[in-house]
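Chemist: Okay, here's the structure, questions in a sec.
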Amino acid sequence: MNGKYAIVLKSPMGPKKGFIYLKELNNCIEGKLDCLGKKHLFTGTISDSGKISLEGILRSPLGEEPFLIQGTIQENVLTASFKRRNESYEILGLQVDDNKESKIEI
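Sequence positions in the sequence shown follow the numbering used here and run 48 to 153.
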């Protein structure tokens, strides 16, 4: 589960490509969302069945706002929803092997 996931966020302005970096320890997760032109830190939890719940702050030139990512990770595939304000977008991702998994810096 630790590692880098290549993602596509399906937004009204078209698909946005990016990465999610995850580091898990004792069912707690920290990481970053590298998408929408910036890197956004988050923390959260993962259950034994692979359900994730991640919270962070989306930073943009217009200010800051909280976001929530909820979904699952199964067999290196991430399927989730990205929620902010009253909007929800689908995220699909696949873990990528870039030989830096053990050196991920969050």
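Built from N, CA and C at the ideal position, the CB exists for glycine as well.
Would you mind sorting Ile153 into buried or exposed? The rule is 16 or more other CB atoms within 10 Å of its CB.
Modeler: The sequence position of residue 153 within the sequence shown is 106, counting from 1. Note that Ile153 scores a pLDDT of 44, beneath 50, so its modelled location is shaky; the value from the coordinates is reported in the next line. Exposed, by the Cβ-count rule.
Chemist: From the DSSP secondary-structure annotation, give me the bridge partner or partners of Arg132.
Modeler: Taking the sequence shown and counting its residues from 1, one reaches residue 132 at position 85. Note: Arg132 sits in no beta bridge, so no partner.
Chemist: At what residues does the beta strand (DSSP E) containing Pro113 begin and finish?
Modeler: Taking the sequence shown and counting its residues from 1, the one referred to as residue 113 is at position 66. From DSSP, the beta strand (DSSP E) with Pro113 extends over 110-121.
Chemist: Between Lys85, Asn49, Gly50, Phe89, which has its C-alpha nearest Lys30's C-alpha?
Modeler: In this structure the chain extends from 48 to 153, so residue 30 is not present and cannot be described.
Chemist: Measuring CA to CA, which of Pro59, Glu77, Ser96 is closest to Glu134?
Modeler: Reading the sequence shown from its first residue, position 87 is the one you call residue 134. If we check each option's Cα against that of Glu134, Pro59 comes out closest.
Chemist: Decide if Cys82 is buried, meaning its Cβ has at least 16 other Cβ atoms within 10 Å, or exposed.
Modeler: Within the sequence shown, the letter at position 35 stands for residue 82. That one is buried.
Chemist: Can you grab the Cα-Cα spacing for the pair Gly140 / Gly110, in whole Å?
Modeler: Against the sequence shown, residue 140 aligns to sequence position 93. Against the sequence shown, residue 110 aligns to sequence position 63. Gly140 and Gly110: Cα-Cα distance of roughly 27 Å.
Chemist: Residues in its own chain within less than 8 Å of Pro113 by CB, not counting five upstream and five downstream?
Modeler: Numbered from its first residue, the sequence shown carries residue 113 at position 66. Correct list, in chain order: Glu102, Gly103, Ile104, Leu105, Arg131.
Chemist: If you drop the 5 nearest sequence neighbours on each side, which residues of the same chain put their C-beta closer than 6 Å to that of Leu80?
Modeler: In the sequence shown, the residue the question calls residue 80 occupies position 33. So the list reads Ile67, His87, once near-sequence residues are dropped.
Chemist: State the Cα-Cα distance for the pair Phe129 and Ile120, rounded to the nearest angstrom.
Modeler: Position 82 of the sequence shown, counted from the first residue, corresponds to residue 129. Position 73 of the sequence shown, counted from the first residue, corresponds to residue 120. Whole-angstrom Cα-Cα distance: 14 Å.
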